[in-house]
Structure formats: C-alpha cells, structure tokens
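Chains as they are written, first to last, in the numbering used here: chain V, 1 to 109; chain P, 110 to 221. Ideal Cβ positions, reconstructed from N, Cα and C, are used throughout, including at glycine. Report on one structure; see the data block that follows.
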C-alpha cells in the first residue's frame with residue numbers, strides 16, 4: 001500500500017493568520033485527493049476535494065494539487081479558534097481511500 | 110445532523126461475546142465502508158462494499174464479518190474479539206467511484 005505523508009504537528013497559528021497544511025503521496029496513479037477535519041472525539045468531516053492540478057477555493061479554504069510533485073496542500077485563511085482540529089489528507093488509490101496520519105492544528109486566540 | 114447513522118454509539122463486550130455494529134445511510138450512495146480508528150491514529154480501512162458486494166477486504170481477521178443486506182444498510186458482526194480490537198469503528202458511504210466519504214458518528218468498542 002502506497003504512503004500518504006503528513007507532518008503530525010502540532011501546527012500553531014495565530015488567529016486571523018493563514019494556516020498551511022501539507023501532504024505528499026507516493027502513488028503516482030492517484031487521481032482524487034481529499035481533506036478531512038476531525039475534532040477530538042468526533043468522526044472525520046469532508047471539507048475539500050480536488051481532482052485537477054491547481055487551486056480550488058471554497059470560502060476560507062483553498063486546496064492545491066501538484067501531481068508532478070505528488071503534493072497536496074490546504075490553506076485556511078483568517079484562521080479561527082474553531083479551526084483547531086486534526087486535518088487528515090486522504091487519497092483515492094483504486095477505490096481505497098487511504099488517510100495520512102493527520103496534522104494537529106492549533107489556532108492561538 | 111449526520112446522514113449516516115451508526116448504532117450502538119458505545120459497546121462493551123467480552124472476548125467470548127457475539128455482537129453487531131449497524132450502519133444506515135439514506136443518501137442513495139452505492140459504496141459503503143468500514144474503518145477502524147485507534148486513538149491519535151488515522152482511520153484504517155477494513156472493508157469496502159460496492160453495489161452491495163464486498164469489493165475490498167484489507168486482510169481483516171475473520172473475527173470481523175461484514176454484511177450488506179441492502180444498499181442502505183451495512184453491518185459488522187463481531188465474534189471472539191481481542192482487547193486490542195478496542196477502537197472507534199467508523200462507517201462511511203460515498204457515491205460510487207467518487208471517494209468523498211460521509212462518515213457516521215462511529216461506534217466506540219471496548220473489548221474486555
């Protein structure tokens with residue numbers, strides 16, 4: 001099974017700043033990529049998906065994909081304390097949705 | 110409100126017990142998944158059902174037995190579990206081939 005790698009953090013970002021979360025994957029055949037947010041004690045919640053190279057924006061969230069570099073990122077603008085959570089990168093590998101270990105994000109008030 | 114419902118929310122069982130976890134979705138999704146998640150770890154894929162047929166089994170021990178009675182329901186039958194099987198069991202569904210998972214709230218299992 002191919003790898004999905006994330007820095008585990010914690011990543012501490014001041015309120016109102018931009019949080020940048022990164023993910024790399026090893027399977028060049030992967031076609032679809034996802035970001036999930038998981039609050040402590042809760043189940044994961046899909047926040048963004050991206051299939052094509054480039055940027056995809058949804059509100060305060062921007063997902064970026066670079067298939068040549070096998071790199072996916074998530075930017076959160078105007079970070080809020082409610083954004084404090086673990087962010088899981090996931091990759092579709094032949095209908096298996098494989099998760100990275102997640103990055104813990106802490107927004108400092 | 111989640112559109113994927115899991116029951117029970119909490120389950121405590123002994124190593125000789127037989128129990129089942131249940132999952133229901135009403136989004137018309139044709140792919141359903143079981144994941145296992147231990148504390149501070151990512152979800153780990155166990156099984157995938159596609160159009161009510163088992164399409165992926167990630168070499169899960171036979172003490173876990175999945176069942177998909179119809180396109181809305183997914184069960185996980187548990188028998189002779191070990192304490193290390195204690196975890197949060199997550200059910201998810203997605204449109205076929207899409208990969209965007211919608212998770213239930215999970216069933217927290219404790220094996221004594």
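{"query": "Starting from residue 7 of chain V, follow the beta strand (DSSP E) in both directions and report where the run begins and ends.", "result": "Where residue 7 of chain V is concerned, there is no enclosing beta strand (DSSP E), given that its DSSP letter is neither H nor E."}
{"query": "Would residue 16 of chain V and residue 104 of chain V qualify as a contact pair, given that the criterion is a beta-carbon distance under 8 Å?", "result": "no"}
{"query": "With a Cβ-Cβ cutoff of 8 Å, do residue 154 of chain P and residue 142 of chain P count as a contact?", "result": "yes"}
{"query": "I'd like to check one pair, residue 132 of chain P with residue 113 of chain P: are the Cβ atoms closer than 8 Å?", "result": "yes"}
{"query": "State yes or no: is the C-beta of residue 117 of chain P within less than 8 Å of the C-beta of residue 180 of chain P?", "result": "no"}
{"query": "Step through the CB atoms of chain P and report whether any lies within less than 8 Å of the CB of residue 43 of chain V.", "result": "yes"}
{"query": "Please report the distance separating the alpha-carbon of residue 14 of chain V from that of residue 146 of chain P.", "result": "30 Å"}
{"query": "Do residue 94 of chain V and residue 208 of chain P come within 8 Å of each other at the CB atom, strictly closer than that value?", "result": "no"}
{"query": "Tell me whether residue 58 of chain V sits in a helix, a strand or coil according to DSSP, three-state version.", "result": "strand"}
{"query": "Which residues does DSSP pair with residue 148 of chain P in a beta bridge?", "result": "Beta-bridge pairing links residue 148 of chain P to no other residue."}
{"query": "Give the DSSP-derived three-state secondary structure of residue 193 of chain P in the structure shown.", "result": "helix"}
{"query": "Would you mind reading off the limits of the beta strand (DSSP E) that contains residue 135 of chain P?", "result": "Premise fails: residue 135 of chain P is in no beta strand (DSSP E) and is neither H nor E."}
{"query": "Roughly how many angstroms lie between the CA atoms of residue 26 of chain V and residue 220 of chain P, to the nearest whole one?", "result": "35 Å"}
{"query": "Quick one: is residue 27 of chain V near chain P, going by C-beta distance under 8 Å?", "result": "no"}
{"query": "Give the range of the beta strand (DSSP E) segment to which residue 22 of chain V is assigned.", "result": "19-25"}
{"query": "Tell whether a beta-carbon distance below 8 Å holds between residue 108 of chain V and residue 100 of chain V.", "result": "no"}
{"query": "In chain V, which residues lie less than 8 Å from residue 199 of chain P when you measure between Cβ atoms?", "result": "43, 44"}
{"query": "Which of the three DSSP states, helix, strand or coil, is assigned to residue 175 of chain P?", "result": "strand"}
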